[in-house]
Structure formats: structure tokens, C-alpha cells
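Residue numbers for the sequence shown follow full-length UniProt numbering, so the first one is 1 and each next one is one higher. The structure appears below as C-alpha cells.
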Amino acid sequence: MIRPQKAGGTGRDSFSPYQPEYLPDCLEAGTLNVSGIAGLGAAVNFILGETVEAIRNKEQILTDYALNQLQCLDKVIIYGSGNPEKMVGVISFNVRNVPAVEIAYVLDEVYGIMVRAGLHCAPTTHSLIETELTGTVRMSWGYFNQKEDIDRVVSALSEVLSKV
């Protein structure tokens, strides 16, 4: 028999102080995450409607575009393969002689652009690319982003670089 990880909140049998012993209630402590289940269903339906291929294609187009735009900026060091077919919608970069945390702070506070700075839970990788002391700035995008969103980041970085 499968044993529940947690017990309590007896669901349908709310007058009982004990977890029911019958299926499926014995495995369902508390109120079901109805909004989470509905959200998961909507997400699956969306992906099936759009197709994984279309979503991946758009991600590759945006990745290629972002790489090309960032490469035009002086002092920007891009990490990774540089091949959108071997990447997901994430690019790690640094600005030469400027700590990653400072770039992230300015992008957030001045331009309202959220990126992440640090070791990204991958200290071994940062050791390999020799950024274990500085980390990197990581930008990412999803299916609902557009090229204009990347242009906004690149424009902000360009302004920051003009002041460095």
C-alpha cells in the first residue's frame, strides 16, 4: 500500500479528526490545489495548441536575435556556445570591469529590467568559465516576449556602457 507523505485536513470527511483509510482520500491531505490543477490544465492545452515546435522555434529566433544584439556592444562578454540551436532562452554575460551585481542593480533600479546576477546555483560551471569570483548577469525570455523586449535591454546596456 502507498503511504501518504503527510496526513491531515480530511477533505470530504471533515468531521473526522483522522485521515481516511480509503482511496483516494487517504492520499489527499487537505484541500486540493484546484487553481494549480486548473492552471496546469490550461498550460498543457496552450502548449498543445501552439505546439512545442512553434514555441521552441520562437525561443531560438529570440535567442539568435539577443546574441546578435549583445555582440554589437563593446565590453560585453557572452558565455556559452553562441549557437541558438544548442541554447534555451537564457544568455549569461558580463560587462568588462563592472561587477555583475552592479549591472543587474542598475538595470532593475534605473530601467525596470529584471535580470539575475550571481553564480546561478552552478559554482562548478562558473569555475570552468572563470567567473567564480564575479558571477554573471543572466537574462532570459519566454514565448510571450518580443524582439522589442530584447531591444530594451540592449538599449539600457548601451546607456550603461556609455557611462562606464
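Glycine is no exception: its CB is placed at the ideal position from the N, C-alpha and C atoms.
When DSSP states are grouped into helix, strand and coil, Ser140 belongs to the strand group. Inside the UniProt domain "Aminotransferase class V" (3-153), DSSP marks whole alpha helix (DSSP H) runs of 4 or more residues at positions 34-50, 52-71, 100-111 and 123-128, from first to last along the chain. Note on geometry: alpha-carbon atoms of Arg152 and Ala29 lie some 46 Å from one another. Nearest to Arg116 by alpha-carbon distance, out of Ser127, Asn94 and Glu130, is Asn94. Around the beta carbon of Met114, fewer than 16 other beta carbons sit within 10 angstroms, so the residue counts as exposed. Distance from the CA of Leu62 to the CA of Gly80, rounded to the nearest whole angstrom, comes to 16 Å.
His120 and Gln19 have their C-alpha atoms some 41 Å from each other. Taking a C-beta distance under 7 Å as the contact criterion, Gly135 and Gly118 qualify as a contact pair.
Within 10 angstroms of the beta-carbon of Gly89 lie 16 or more other beta-carbons, which makes it buried. Residue state for Val164 is assigned as coil, using DSSP reduced to three classes. Per the coordinates, the alpha-carbon of Ile47 lies some 12 Å from the alpha-carbon of Gly39.
Pairwise C-beta distances place the segment 59-73 in contact with the segment 140-155, as three or more of them are shorter than 8 Å.
With a beta-carbon spacing of about 6 Å, Ser158 and Leu73 fall inside the 8 Å limit used to define contacts. Between Val44 and Val98, the CB-CB gap reaches or exceeds 7 Å.
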